[in-house]
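Asker: In this note's numbering, the protein residues as written are 605 to 1281.
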Amino acid sequence: AQNVTVDEIVTAYKQACQKLNCKQIPKVLKQIQEFKDLAPRIDCLDLKGEKLDYKACEALEEIFKRVQFKIVDLEQTSLDEDGASALFDMIEYYESATHLNISFNKHIGTRGWQAAAHMMRKTNCLQYLDARNTPLLDHSAPFVARALRISSSLVVLHLENASLSGRPLMLLATALKMNMNLRELYLADNKLNGLQDSAQLGNLLKFNCYIQILDLRNNHILDSGLAYICEGLKEQRKGLITLVLWNNQLTHTGMAYLGMTLPHTQSLETLNLGHNPIGNEGVRNLKNGLIGNRSVLRLGLASTKLTCEGAVAVAEFIAESPRLLRLDLRENEIKTGGLMALSLALKVNHSLLRLDLDREPKKESVKSFIETQKALLAEIQNGCKRNFILAKEKEEKEQKLQQSASMPEITVTEPLEEGPAEDGQDGSAASAPEEGEEAGETLTASENGNAEPAEDDSDNRGDMTDSDSDTDEEADVGIETKDLSEQPKRPVSADGATALQPLLSPEKPRDRPPPLHIAEESQHDAGVGSPAASPASAPSPGNERRISVSSPGRGHKIFVVTRVESLPDRAADPTRPREDADATAKPAESQSPAPATKPELPLPRANGAVPESAASLATPPVAPSAVSDPERGDPAACESAAHDTSLPNGLKTDFARALPEVSSDGDGKMGSCAAEH
């Protein structure tokens, strides 16, 4: 209603109660009198615990007619079929609520659920429905299922302890396969079994990639049911972020299925396995899957029957993980040995911000070990604190880097990812390590900070991150162009890249597109790139064009790679021995096709993890024949051999035609061909 006042609402409600011959509800009158601004939605209409019969519900229409609410709380209001259907019709007609709580109403019956389903279908504003402990039985489930199939606006649905096992769950799961709006589904305490019910849930996960939270705590999923759920999880490309399997009688057998599934899940961030008798063997089955997984940030293993042996397996995972933020190991028999392993793991882990352990030391046969346990617990907490401070500093550094980025056209291509806000840091998990780092290879293999193909528009980056800095977000690269010969701009070809053909020898024109879109280069005049690149581009002979690509490294280091491009008349000099070099370069070309021809490569996702296929494609193998001995070989031949091969970080070597004599932070890297390889 327009221009309504609090007094009008109070009067209308009192009159309705008199007319219907029912008692006024003091709690309602008190709330009406406290209403301030009536124009937008009011925060809450709280009727929790009030007994609402049909007449009391009818009287409430005078309020719903005049004002709208964010939350309408009807928990435990003893609604019957008539009252429930009247209220749901009002809420649908007046769009009274965005959040509706109808929990603990055991008698709303089929007509009540029918009206609720109608409300879910027709109301565009209802986003949250809480129906905990409100039974949804066989004859009512079809109405709700139909409402969920025909695009409902619901985002959050709580159906804990709603007697769903069997036909109701089958109908709901089938309907939700089509639903694209629901993000959170809570199905705890429904006695869901490890056969038909779990098969339905596995099927739902295969087809629905919009649900982000699935809470299945306190059911009877068992290992057999987990096998079905894992089948569905394997299909989730984007989608499920949180899976709660707390107290489902899972054992080490189920963990074997989960261990095989985890390397395939790309979106799962929170996995809660608490209160399952997993045991040490279960954690061992899970360990390799967790190490191979690129997304899990929070892991719950509270009360899972672990001892020191299990803690050692968990510690191995912590030591390997560059992204784990939180781990819960409470209510386990972890004594001195296990705590020692966890403490050592935290010395090499830089991401874990919270490790929950029992505060009181466990009983030991050797008295002095109790003091040792206390010391280890303190050490573990200090390790987490250190990581928290590091994460904060990293966040501040990245914000500064973002502000000082000199080329907005390039910075916008890939926004910096934010980590989970709840932990108060910017995602120590933001950027995943590449294959090389997982296998513990040398620094050169891990220099690919970004596993995107080198020819991917302006996204070319040469992040040479240290192997332990895999959590750094990819810093954007500045590109500096110096056209020293003042030659006219080249014509731009249809696809936006300039039609540049660096003819290095008259016989062999290059048929591959230039790795960087030169259109972008020619837009930016000299001096646009990051300042540290400038000293590297010293003046050079008249007919050369120099391109510097600088990439901020860790701390204050700036890495600069400079490319000197000879113009065609100089390149055609017949004295340069090209033929033998071209011959050696050919195998490399055949082995490493230009990554730009793979448009279906998955981009790094929200938490920065890169699927293995992308990582392996981004570092194509270099044919051994292409790497000629730089000491003995002619430098020109060596340079041209390097020309067509790929650097370990996936960049084309055109970027590194000429390294600066000494890098900008003076660490004395020489610009020799050997350094290039």
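Built from N, CA and C at the ideal position, the CB exists for glycine as well.
Mind pulling the beta strand (DSSP E) runs of 3 or more residues that sit fully within the stretch 842-912?
Answerer: 846-848, 874-876, 902-904
Asker: Could you pull out every residue in the same chain whose Cβ sits closer than 6 Å to the Cβ of G914, ignoring the five residues on either side in sequence?
Answerer: Translated into positions along the sequence shown, residue 914 becomes position 310. A distance below 6 Å between beta-carbons, with the five flanking residues on each side excluded, links G914 to the following residues of its chain, in chain order: N884, V887.
Asker: So, under 8 Å CB-CB, N897 and P867 are touching, yes? Tell me the CB distance rounded to an integer number of Å.
Answerer: Along the sequence shown, one-based indexing puts residue 897 at 293. Along the sequence shown, one-based indexing puts residue 867 at 263. Rounded, the Cβ-Cβ distance is 6 Å, consistent with contact.
Asker: Would the stretch 869-879 count as touching the stretch 843-859 if we require 3 or more Cβ pairs under 8 Å?
Answerer: yes
Asker: Whole angstroms is fine: what's the gap from E937's alpha carbon to T778's?
Answerer: Taking the first residue of the sequence shown as 1, we reach residue 937 at position 333. Taking the first residue of the sequence shown as 1, we reach residue 778 at position 174. Taking the straight line from one Cα to the other gives about 42 Å.
Asker: By alpha-carbon positions, which one of L796, L956, M784, E665 ends up nearest to Y832?
Answerer: For the purposes of this step, residue 832 is taken as residue 228 along the sequence shown, with counting starting at 1. Closest option to Y832, Cα to Cα, is L796.
Asker: Could you check the C-alpha separation between L943 and S689 for me, to the nearest Å?
Answerer: What you label residue 943 is simply residue 339 of the sequence shown in a count that begins at 1. What you label residue 689 is simply residue 85 of the sequence shown in a count that begins at 1. Rounded to whole angstroms, L943 to S689 spans 57 Å at the Cα level.
Asker: Alpha carbon to alpha carbon, how far is Y732 from S744? Give it in angstroms, no decimals.
Answerer: Numbered from its first residue, the sequence shown carries residue 744 at position 140. Numbered from its first residue, the sequence shown carries residue 732 at position 128. Straight-line Cα distance between these residues: approximately 19 Å.
Asker: Please confirm whether C661 has its beta-carbon closer than 7 Å to some beta-carbon of chain C.
Answerer: Absence of chain C from the displayed structure is noted, only one protein chain being present.
Asker: Give the straight-line distance between the Cα atoms of S1032 and Q977, rounded to the nearest whole angstrom.
Answerer: In the sequence shown, counting from the first residue as 1, residue 1032 sits at position 428. In the sequence shown, counting from the first residue as 1, residue 977 sits at position 373. With a pLDDT of only 37 at S1032, under the threshold of 50, the placement of this residue in the model should not be trusted; the figure read from the coordinates follows. The alpha-carbon atoms of S1032 and Q977 are separated by roughly 28 Å.
Asker: Give the secondary structure of E788 by DSSP, where H, G and I count as helix, E and B as strand, and everything else as coil.
Answerer: What you label residue 788 is simply residue 184 of the sequence shown in a count that begins at 1. For E788, the three-state secondary structure derived from DSSP is strand.
Asker: So the candidates are L704, F668, K710, V671; which of them puts its Cα closest to the Cα of E685?
Answerer: For this step, residue 685 is matched to residue 81 along the sequence shown. Of L704, F668, K710, V671, the residue nearest in Cα terms is K710.
Asker: How many angstroms separate the CA atom of E835 from the CA atom of Q1006?
Answerer: Position 231 of the sequence shown, counted from the start, is the residue given in the question as residue 835. Position 402 of the sequence shown, counted from the start, is the residue given in the question as residue 1006. Going by the C-alpha atoms only, they are around 41 Å apart.
Asker: Mapping DSSP to helix, strand and coil, what is D734?
Answerer: On the sequence shown, position 130 is the one that residue 734 refers to. Strand, per DSSP.
Asker: The alpha helix (DSSP H) that contains H722, what's its start and end?
Answerer: As a working mapping, residue 722 is identified with position 118 in the sequence shown. 713-726 is the span of the alpha helix (DSSP H), which, as asked, contains H722.
Asker: Comparing C-alpha positions only, which one of K842, R725, L830 sits nearest to T857?
Answerer: The sequence position of residue 857 within the sequence shown is 253, counting from 1. Closest option to T857, Cα to Cα, is L830.
Asker: Using the beta-carbon count (16 or more within 10 Å), is A643 buried or exposed?
Answerer: Locating residue 643 in the sequence shown gives position 39, where the first residue counts as 1. Classification for A643: exposed.
Asker: So what does DSSP say about N794, is it helix, strand or coil?
Answerer: One-based indexing of the sequence shown puts residue 794 at position 190. Coil at N794, not helix or strand.
Asker: Looking at the secondary structure, which residues open and close the beta strand (DSSP E) in which R930 lies?
Answerer: Position 326 of the sequence shown, counted from the start, is the residue given in the question as residue 930. Residues 930-932.
Asker: Per DSSP, what kind of secondary structure is N823 in: helix, strand or coil?
Answerer: Within the sequence shown, the letter at position 219 stands for residue 823. Three-state DSSP puts N823 in coil, outside helix and strand.
Asker: Check whether the Cβ atoms of S707 and T738 sit closer than 7 Å, and answer yes or no.
Answerer: Your numbering for residue 707 matches position 103 in the sequence shown. Your numbering for residue 738 matches position 134 in the sequence shown. Against a cut-off of 7 Å, the Cβ pair of T738 and S707 comes out as a contact.
Asker: If you drop the 5 nearest sequence neighbours on each side, which residues of the same chain put their C-beta closer than 6 Å to that of Q853?
Answerer: Taking the sequence shown and counting its residues from 1, one reaches residue 853 at position 249. Excluding positions up to five away in sequence, the list reads L826.
Asker: If we ignore side chains and look at the alpha-carbon of each, how far apart do E764 and I815 end up?
Answerer: Locating residue 764 in the sequence shown gives position 160, counting from the first residue. Locating residue 815 in the sequence shown gives position 211, counting from the first residue. When rounded, the distance between both Cα atoms is 17 Å.
Asker: Helix, strand or coil for V748? Go by DSSP, reduced to three states.
Answerer: Position 144 of the sequence shown, counting from 1, holds the residue named residue 748. Helix, per DSSP.
Asker: According to DSSP, I675 sits in a beta bridge with which residue or residues?
Answerer: Counting from 1 along the sequence shown, the entry for residue 675 is found at position 71. Listed as beta-bridge partners of I675 by DSSP are C648, H703.
Asker: Which of the three DSSP states is assigned to R771 in this structure?
Answerer: Within the sequence shown, residue 771 is the residue found at index 167, counting from 1. R771: helix per DSSP, three-state reduction.
Asker: For Q804, which residues in the same chain have their Cβ closer than 8 Å to its Cβ, ignoring the five residues on either side in sequence?
Answerer: Looking up residue 804 in the sequence shown gives position 200. Excluding residues within five positions, the ones whose Cβ falls inside 8 Å are L773, M774, A777, T778.
Asker: Are A766 and L730 close, meaning C-beta to C-beta below 7 Å?
Answerer: In the sequence shown, the residue the question calls residue 766 occupies position 162. In the sequence shown, the residue the question calls residue 730 occupies position 126. Result no, Cβ atoms of A766 and L730 do not sit closer than 7 Å.
Asker: Rounded to whole angstroms, what is the Cα-Cα separation between E662 and P881?
Answerer: Walking along the sequence shown from the start, residue 662 turns up at place 58. Walking along the sequence shown from the start, residue 881 turns up at place 277. Roughly 51 Å between the two C-alpha positions.
Asker: When DSSP builds the beta bridges, which residues end up paired with V760?
Answerer: Here residue 760 refers to the residue found at position 156 of the sequence shown. Note: V760 sits in a beta bridge opposite Y732, E788.
Asker: Whose C-beta lies closer than 6 Å to the C-beta of A721 among residues of the same chain, with five residues either side of it excluded?
Answerer: Here residue 721 refers to the residue found at position 117 when the sequence shown is read from its first residue. Within the same chain, A721 has close Cβ partners F747, V748, A751.
Asker: So, using beta-carbon positions, are R958 and R930 closer together than 7 Å?
Answerer: Here residue 958 refers to the residue found at position 354 of the sequence shown. Here residue 930 refers to the residue found at position 326 of the sequence shown. Cβ distance < 7 Å, so R958 and R930 count as in contact.
Asker: Suppose the cutoff is 7 Å on Cβ atoms and the five residues either side in sequence are ignored; what does the same chain contact list for M864 look like?
Answerer: Stepping through the sequence shown from its first residue, residue 864 is reached at position 260. Take M864, set aside five residues on each side of it, and the residues of its chain with a beta-carbon closer than 7 Å to its own are G893, in chain order.
Asker: Does DSSP classify Y698 as helix, strand or coil?
Answerer: The residue given as residue 698 occupies position 94 in the sequence shown. DSSP places Y698 in helix when its eight states are reduced to three.
Asker: When you compare only the Cα positions, how much space is there between K1282 and A701?
Answerer: The structure shown has nothing for residue 1282, since the chain only spans 605 to 1281.
Asker: Is I1083 helix, strand or coil when you go by DSSP?
Answerer: Reading the sequence shown from its first residue, position 479 is the one you call residue 1083. Low confidence applies to I1083: its pLDDT is 38, below 50, so where it sits in the model is not reliable, and the reading given next is rough at best. It is a strand residue.
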